[in-house]
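Residue numbers (the numbering used here): 15 to 277.
These notes concern the structure reproduced below.
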C-alpha cells in the first residue's frame, strides 16, 4: 500500500470517538480516515480488565494487518488507560495516540481547586488515572465520578432517542461539590462519548462549570506525531466507518453519513 493511501485509524468502543474525528478533520483535511467502532464489545465497562486487554491486543492485530494505518488514535479513555502500553509493545511500528483524562489542563484552569473527573467506572479505577492526579493535580481536590450509564445515554442522544434531563442529572450530580465556600469549577469529560451531551449537561448542572473536552488536544497530538507525513492534497478515496458487529442499518448509515463517512 502506498504511504499516502494509508489511513489514520480512529478507534472507539462506540460513537464517542466521532468527537475526535471531527477535530481531526479540521486539522488534517486531506488525510484518509477510517473510523472503527467496536460496537460488538460495547460497553467496555462490562468486561474484566484482563479479558478486555487481550481482546484489544488481538483486535488491533487484525486491524493493523488489514488497514496498515500510519497512525492509530485510541479515542477511548477506558481502552487506552488499560491497554495502551500493551498495544505499543505488541505493535511497535505503529504510532498509537491515546486518550487520557485531561487532569493536567484541569488543574491549570481551576480557580477553586475543586475538580471532578467524569468517566466510566473502568477509567476511574485505573491506577493510570490516579497517577495523573498525583503527578499533575496534587494541589487540587479531585473527585472521581464513575458513571455506569452516561456513555450509553450519549449513544441514545446522538441517535435522537429520548434521554431525559433527570437521567443525565443522576449521572453527573456527584461531580458538583461545595467545600469551605468553594465550588467545583472544572469537570473533565473523561470519555469521548460525553461531549455529545455537553449542551444538555450545561442545562442540568446546578451551577456553571468548565466542561473540559480533550478532543482538540488529541487532534493536535496526531498532527505532531505525523509531522512531515501529513498530506497536503486530497485523495479520491472516501473516509469510511466500520462496525465490528457488521451493522449496516439505516440509523448507522445516517449517523456516519452526517460525519462524512461511508459505512
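Cβ coordinates follow ideal geometry from the N, Cα and C atoms, glycine included.
Note that this is a predicted model, so its numbers are computed, not measured.
Grouping DSSP H, G and I as helix and E and B as strand, with all else coil, what is residue i?
i           : result
residue 33  : helix
residue 62  : coil
residue 105 : coil
residue 49  : strand
residue 193 : strand
residue 96  : helix
residue 152 : coil
residue 280 : What is shown of the chain runs 15 to 277, which leaves residue 280 out entirely.
residue 271 : helix
residue 212 : helix
If you check the beta carbons only, do residue i and residue j fall under 8 Å apart?
i           : j           : result
residue 85  : residue 236 : yes
residue 170 : residue 177 : yes
residue 146 : residue 117 : yes
residue 161 : residue 90  : no
residue 216 : residue 182 : no
residue 133 : residue 158 : yes
residue 206 : residue 59  : no
residue 115 : residue 204 : yes
residue 233 : residue 38  : yes
Excluding the 5 residues flanking residue i on each side, which residues of the same chain have their C-beta closer than 8 Å to its C-beta?
i           : result
residue 83  : 20, 21, 22, 23, 48, 77, 108
residue 125 : 199
residue 67  : 96, 97, 100
For residue i and residue j, I'd like the C-alpha separation in whole angstroms.
i           : j           : result
residue 253 : residue 164 : 28 Å
residue 120 : residue 200 : 6 Å
residue 148 : residue 128 : 15 Å
residue 238 : residue 229 : 15 Å
residue 104 : residue 64  : 15 Å
residue 72  : residue 255 : 20 Å
residue 42  : residue 244 : 7 Å
residue 195 : residue 35  : 40 Å
residue 266 : residue 193 : 44 Å
residue 70  : residue 273 : 25 Å
residue 269 : residue 172 : 8 Å
residue 287 : residue 226 : With the chain represented from 15 up to 277, any question about residue 287 goes unanswered, as that position is not in the structure.
What residues in its chain sit with their C-beta under 6 Å from that of residue i, if we drop five residues either side in the sequence?
i           : result
residue 130 : 157, 159, 189, 198, 201
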